[in-house]
Amino acid sequence: MVSRDSAVHEEVLGFEPSVWGDFFINYEPQPLQRSETCMQERAEKLKGDIRTLFGTCNDMSARMNLVDSIQHLGIVHLFQEQIEDALMSIHESEFRRSSLYEVALRFRLLREHGFWVPPDAFNKFKGDDGRFRNEIANDPRGLLSLYNAAHLLIHGEPELEEAISFAREQLKLMSQDNVLNPPLACQVRRALTLPLPRTFKRVETICYMLEYQLEEGNIPILLDLARLDFNLLQHIHLKELKAISEWWKDLYGYMGLSYIRDRTIEGYTWSYMMFYEEGFAFTRIFVAKLIALVTVMDDTYDAHATIEECHQLNTAIQRWDKSAISILPEYLKKYYSKLLINFKEFEDQVTDNEKYMVACFQKQSTYYLQEAEWSNQKYKPGFKDQVVLSTKSSAVQLLCVAAMVGWGGTMTTEAFEWVASGNAAVIACAKIGRFMNDIAAFKRGKNKGDVASSVECHMNETGVTSEVAFAKINALVEDEWRTTNQTRLEHRTLLPMVQRIVNFTVSMVLFYDDKKDAYTFGTLLREIVESLFVKPVPI
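In terms of this note's numbering, the sequence shown opens at residue 925 and continues consecutively.
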């Protein structure tokens, strides 16, 4: 929030125009290499063949590799029942394998899906001194498997912290010495940048589809189906991008708010990161539109409105009625009118249990107003107070609740209330996103015109340098990843909902890792958007 009569701040806070403009409205996708009908028929045949493969795959090692390949290739949504049965069998069966690769693979697959596996699973690879034996330093595939698995650690597992450090050190040496062959060399480089459990799966899928045929023991029908399914889904996503681009163009033109971020494609991409499957089209569009509407409110409070106008906007949002339009400044009346209309359209399409969204949006407004008041008063909060408010103002809880809309009968009241309650996983997601965003904002020397960030508050409170503050906040990020991992184990009965929150948490890394803000600065995300939506996979 800044004073509108501050020309200096207005210039500093001006946002870049959209990278995409009308691209997805006018875009004509490349003709598919086969007709859509032919691709769908072929995909159905391959799905049947792979279901049969599950039934005939009796060896535990083969079952684990089958599940892992399906996950890696991005077709897990097609075999949910078969994967659950396979993992139940793997969890309940006696495990006698002795290779580091297989022990770590089992550990990762089971923990990813909410099954408890104790950290002492790796003790067999340690000597009497409790340290990892030197001979496994010559097993790059096993080390990579260990490195990725150990990143599913929870609170109080120092042995897995040790595993990460050991595997990272050995893999770095191998990578620097160029002793690894493809595709392992590429997989190690990616993991050292971002371990598999924190990698956005659809981006990883694009990489892995190029590598899978080089893997020993690859199953060609898995790759065939992955390519077909990716292109078929991409065709659906392009239609959605066209529709939401048209919706936003009309809304943006009608509101006439030149100070806001025009980031609908980035917002859709963020929603897609939680839900890419065909069956979640309504939820995907709903969340994408909500991101756009929240962004307008965020930018109004942060970058344009006076404190008086902030109070007027919040009063209108709390009243949530057409009669409140009269209390708003002229430039916000059209936004408020469209806000009411869009939410009415949302509510007309969802169940009674899901009509919690208005209350969540109203809470979001109060958080933004509190930040605006702090900024107006030039108040410098303590680090803990800043984290509490900025975690709430991140809009993560609002969007996590929105992500539970449109599930139909699979969303129980218990599950919806668990998400809406602001559970540990939602808070962890919000903190990870906020901390990473604050570091990105500080590094580019361009914080928004609102209250001081967590980096600045920690520096002010402790008198440390920015680098020390970064280290402290990065340690807090690691702690929140442990909380995220723990939620899978504690709430396995709610795993489908937990996984969407985990997906949202992973998306924070894609948007804010490497000290960047790819939502505000859309050029940073352009290549990824093109690979997901513009470029089909060769069949």
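We put the CB at the ideal spot given by N, CA and C, even for glycine. Note that this is a predicted model, so its numbers are computed, not measured.
In the structure shown, the three-state DSSP call for F1019 is coil.
Spanning the alpha carbons of F1046 and I1078 requires a straight line of approximately 15 Å. The stretch 1231-1242 and the stretch 1180-1199 do not touch, with fewer than three beta-carbon pairs separated by less than 8 Å.
The shortest C-alpha to C-alpha distance from D1063 to any of Y1225, L1175, F1049 is the one to F1049. Looking at the DSSP output, F1056 sits in a beta bridge with K1050. Secondary structure note for H1079: it is in no alpha helix (DSSP H), with a DSSP letter that is neither H nor E. In the structure shown, I999 falls within a coil segment according to DSSP collapsed to helix, strand and coil. Per DSSP, V1401 is one residue of the alpha helix (DSSP H) stretching across 1390-1414. With fewer than three CB-CB distances shorter than 8 Å, the stretch 945-964 does not count as touching the stretch 1195-1213. Around the C-beta of Y1303, fewer than 16 other C-beta atoms lie within 10 Å, and the residue is accordingly described as exposed. In the displayed model, E940 falls within coil according to three-state DSSP, outside both helix and strand. Under the DSSP assignment, P955 falls outside any alpha helix (DSSP H); it carries neither an H nor an E label. Assigned with DSSP and collapsed to three states, H1228 falls in coil, not helix or strand. By the neighbour-count criterion, in which a residue is buried when 16 or more other Cβ atoms sit within 10 angstroms of its Cβ, Y1178 is exposed. Comparing alpha carbon positions, the residue from A1074, F1154, D1101 closest to F1090 is A1074.
Annotation: I1130 to S1377 spans about 35 Å, alpha carbon to alpha carbon. For D1362, the enclosing alpha helix (DSSP H) starts and ends at 1348-1367. By the 16-neighbour rule on beta-carbons within 10 angstroms, T1407 is buried. The C-alpha of Q1094 is placed about 35 Å away from the C-alpha of Y1443. Distance between N1361 and Y1436, taken at the CA atoms: about 6 Å.
Excluding five sequence positions before and after L1418, the CB atoms of its chain that fall closer than 7 Å to its own CB belong to A1339, W1342, given in chain order. Secondary structure note for G1191: its alpha helix (DSSP H) is the uninterrupted segment 1188-1198.
For C1284, the enclosing alpha helix (DSSP H) starts and ends at 1281-1300. Using a 10 angstroms sphere on the CB of R1151, the tally of other CB atoms reaches 16 or more, which defines it as buried. Under the three-state reduction of DSSP, E1254 is assigned to helix.
Where M1328 is concerned, there is no enclosing alpha helix (DSSP H), because DSSP gives it neither an H nor an E. C-alpha of P1107 to C-alpha of E1139: approximately 7 Å in a straight line. With contacts defined as CB atoms closer than 9 Å, V1401 and I1356 qualify as a contacting pair.
Within the same chain, L1217 come within 7 Å of L1263 by CB-CB distance, once the 5 residues on both sides are set aside. Distance between E1414 and G1038, taken at the CA atoms: about 8 Å. Secondary structure of Y1443 (DSSP, three-state): coil. When rounded, the separation of the alpha-carbon atoms in Q995 and L1011 is 13 Å.
DSSP, read as helix, strand or coil, puts R1114 in helix.
For the 9 Å CB-CB criterion, K1439 and A1364 form a contact. Contact between the stretch 1011-1022 and the stretch 985-993 is present, with at least three C-beta pairs closer than 8 Å. Taking C-beta atoms under 8 Å as the contact rule, L1033 and D992 qualify, at a distance of about 6 Å.
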